[in-house]
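Participant: Let me give you the structure first, and then I'll get to my questions.
In our numbering, the protein residues as written are 23 to 308.
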């Protein structure tokens, strides 16, 4: 009997020892990671066009090495926004892993943006950095709105659009354009972005009082501005015709009664319009 008990105890001990690694492997939590989409990409699809349309136009009409460095700095700033929002402030992620990863990504993109700005300054001189200095107050206000949940306000969107037009001026200066011509090119970019924001708000948020009137007023102002620039030979006359075409497309959008397109359809249409705007203006300014 004693021998049988000893044998049974040995069998139980071996079974327990063999089960330890299995139990450890089962209880060990799986390694988690944060997707790049969640970490970097903004929720607003329109922000891509708002930031990169002026940059693309600038590189096409005034290509240069410092201009390319400025474009990379803008891209770094664009991808810095979401990690900074997830990493710090009242809207920071509650997940420690996401928050820690976001902070690391924000530091990386901030360093990249600073390096590209430094390279642009070394290649093109301080004059190419002046528009970025002018953009700092607007960028700071937009960042404050973004981190406090006010990013969709009208003031925030307008300030963001005005700020995003200044890199176009900087890239033109980097391509050795004269200051009046560079500012005029930036005004053409602003004549695209500001009315577009008003039109989008009017079409997708028709419940806002006065949204249609604001969109119409800004579109008329944009045509008048670019027309005046063309009259004084600061931009080609074709730029005024392109702005007029944008006004016609705005009138078409605003003519939709109760059946407005979905946000996704509207985004696709505006992407096509934005690409056409870049191509036509690049040919006109060439």
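The C-beta atom is built at its ideal place from N, Cα and C for all residues, glycine as well.
#1: Starting from residue 104, trace the alpha helix (DSSP H) in both directions and tell me its first and last residue.
#2: Below 8 angstroms, can you find three or more Cβ-Cβ pairs linking the region 104 to 117 to the region 150 to 157?
#3: Can you tell which of 266, 240, 119 has its C-alpha closest to the C-alpha of residue 252?
#4: Could you tell me whether the region 175 to 192 touches the region 69 to 76, using the rule of 3 or more Cβ pairs below 8 angstroms?
#5: Using 8 angstroms for Cβ pairs, my map puts residue 307 next to residue 258. What's the rounded Cβ distance?
#6: Have a look at residue 57 and residue 116 and give me their C-alpha separation to the nearest angstrom.
#7: Cα separation between residue 247 and residue 240?
#8: Tell me which same chain residues have a C-beta within less than 7 angstroms of the C-beta of residue 101, skipping the five on either side of it?
#9: Using only the heavy atoms of the ligand MG, determine whether one of them is closer than 7 angstroms to the beta carbon of residue 208.
#10: Counting only the same chain and skipping the five closest in sequence on each side, list residues whose C-beta sits under 7 angstroms from that of residue 256.
#11: List, from N- to C-terminal side, the alpha helix (DSSP H) runs of 4 residues or more that fit wholly inside the region 132 to 198.
#12: What is the rounded straight-line gap between the Cα of residue 298 and the Cα of residue 99?
#13: Can the beta-carbon of residue 237 be found closer than 8 angstroms to that of residue 250?
#14: For the alpha helix (DSSP H) that residue 223 lies in, which residues bound it at each end?
#15: Taking the alpha carbon of residue 167 as the point to measure from, which residue in 283, 111, 87 has its own alpha carbon closest?
#16: Please determine, among 161, 235, 208, the residue with the shortest C-alpha to C-alpha distance to residue 276.
#17: Check whether the region 135 to 142 and the region 76 to 85 are in contact - that is, three or more C-beta pairs closer than 8 angstroms.
#18: Report yes if the C-beta distance between residue 183 and residue 212 is below 8 angstroms; otherwise report no.
Facilitator: Straight from the coordinates:
#1: One-based indexing of the chain shown puts residue 104 at position 82. Element bounds for residue 104: 87 to 109.
#2: no
#3: One-based indexing of the chain shown puts residue 252 at position 230. Nearest C-alpha to residue 252: 266.
#4: yes
#5: Position 285 of the chain shown holds residue 307. Position 236 of the chain shown holds residue 258. Between residue 258 and residue 307 the Cβ distance is about 6 angstroms, and since that is below 8 angstroms, they are a contact.
#6: Position 35 of the chain shown, counted from the start, is the residue given in the question as residue 57. Position 94 of the chain shown, counted from the start, is the residue given in the question as residue 116. Each residue's Cα considered, the two are about 16 angstroms apart.
#7: Along the chain shown, read from residue 1 onward, the residue named residue 247 stands at position 225. Along the chain shown, read from residue 1 onward, the residue named residue 240 stands at position 218. Rounded to whole angstroms, residue 247 to residue 240 spans 10 angstroms at the Cα level.
#8: Counting from one through the chain shown, the residue named residue 101 turns up at place 79. Hits under 7 angstroms: 62, 131.
#9: Annotation note on the ligand MG: not contained in the displayed structure, which lists no ligands.
#10: For this step, residue 256 is matched to residue 234 along the chain shown. Same-chain partners within the cutoff: 202, 203, 206.
#11: 152 to 169, 176 to 196
#12: Stepping through the chain shown from its first residue, residue 298 is reached at position 276. Stepping through the chain shown from its first residue, residue 99 is reached at position 77. Spanning the two alpha carbons is a distance of roughly 25 angstroms.
#13: Position 215 of the chain shown, counting from 1, holds the residue named residue 237. Position 228 of the chain shown, counting from 1, holds the residue named residue 250. No, the pair does not count as a contact, with Cβ atoms beyond the cut-off.
#14: In the chain shown, the residue the question calls residue 223 occupies position 201. Here the alpha helix (DSSP H) through residue 223 covers 201 to 226.
#15: Working through the chain shown from its first residue, we reach residue 167 at position 145. Among 283, 111, 87, the Cα nearest to that of residue 167 belongs to 111.
#16: On the chain shown, residue 276 is found 254 positions in, with the first residue counted as 1. The candidate whose alpha carbon is nearest that of residue 276 is 235.
#17: no
#18: For the purposes of this step, residue 183 is identified with residue 161 of the chain shown, where counting begins at 1. For the purposes of this step, residue 212 is identified with residue 190 of the chain shown, where counting begins at 1. The answer is yes: Cβ separation under 8 angstroms.
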